[in-house]
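Enquirer: Below is one structure. I have some questions about it.
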Amino acid sequence: MRISISRRLAALAVIPALLLGSIAVATPANAAVVSPITMQNDIVKLTNYQRVKAGCKALRLDSHLMLAARAHSAWMAQTGKFSHVGRNGSTFDARIRTAGYANPRSENIAWGFRSGAAVVTAWMKSPGHRANILNCKSTTVGVGAAFSANGSAYYTQVFGY
């Protein structure tokens, strides 16, 4: 069967985007999922919404905290381990300091949610996670989202002061 030139060109145009990760390929496990960057941005936006609503200042993004959060989410996604204890037995504060941030505050993690809004909603229903989000002493945040091979999403949110 012959494939038209336009179909071949369209298929070739998709290859670089797939290699660079800018197109998410939908599978049954992740069909309803948006990109990790969108999820991370949504989590920051919705976290700040909750903080301002409660009388706290909005958090500012910190690149060191983003690095720590993304690395922990990626590790959880790669290993399938859902834990505050990370690679080589690391704790959240050790991971944050290793990433170059001197004043770690706390960490929230989540697994399996299909959107940033669902993650923040769940955290706000959990007393410990809610306390981390609404701690007005925190000034900075980093968020990481990563997908395992089967499409499960892992999230890490770390706070600093």
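Counted the way the working numbering counts, the sequence shown spans residues 22 to 182. Built from N, CA and C at the ideal position, the CB exists for glycine as well.
If I'm right that N156 touches S127 with Cβ under 8 angstroms, what's the distance once you round it to whole angstroms?
Expert: Here residue 156 refers to the residue found at position 135 of the sequence shown. Here residue 127 refers to the residue found at position 106 of the sequence shown. About 7 angstroms; that satisfies the 8 angstroms criterion.
Enquirer: Could you tell me whether the region 74-91 touches the region 114-124, using the rule of 3 or more Cβ pairs below 8 angstroms?
Expert: They touch, by the three-pair rule.
Enquirer: Which residue from L82, S136 and N129 puts its Cα closest to that of P148?
Expert: Here the question's residue 148 lines up with position 127 in the sequence shown. Of L82, S136 and N129, the residue nearest in Cα terms is N129.
Enquirer: Note down, in chain order, each residue of its chain lying with its Cβ closer than 7 angstroms to the Cβ of N73, except the 5 sequence neighbours on either side.
Expert: Taking the first residue of the sequence shown as position 1, residue 73 is located at position 52. Reading off the sequence shown, one finds Val at residue 73, where the question assumed Asn. For V73, where only same-chain residues beyond five positions count, the Cβ hits under 7 angstroms are A79.
Enquirer: Using the DSSP secondary-structure output, state which residues sit across from W132 in a beta bridge.
Expert: Your numbering for residue 132 matches position 111 in the sequence shown. According to DSSP, W132 bridges with Y175.
Enquirer: What's the call for V162, buried or exposed, on a 16-neighbour Cβ count within 10 Å?
Expert: Position 141 of the sequence shown, counted from the start, is the residue given in the question as residue 162. V162 is buried by the Cβ-count criterion.
Enquirer: With distance defined between alpha-carbon atoms, name the residue in A166, Y182 and G172 nearest to V65.
Expert: Stepping through the sequence shown from its first residue, residue 65 is reached at position 44. It is A166 whose Cα lies nearest to the Cα of V65.
Enquirer: Would you mind sorting Y176 into buried or exposed? The rule is 16 or more other CB atoms within 10 Å of its CB.
Expert: Sequence index remark: in the sequence shown, residue 176 carries index 155 (1-based). Y176 should be labelled buried.
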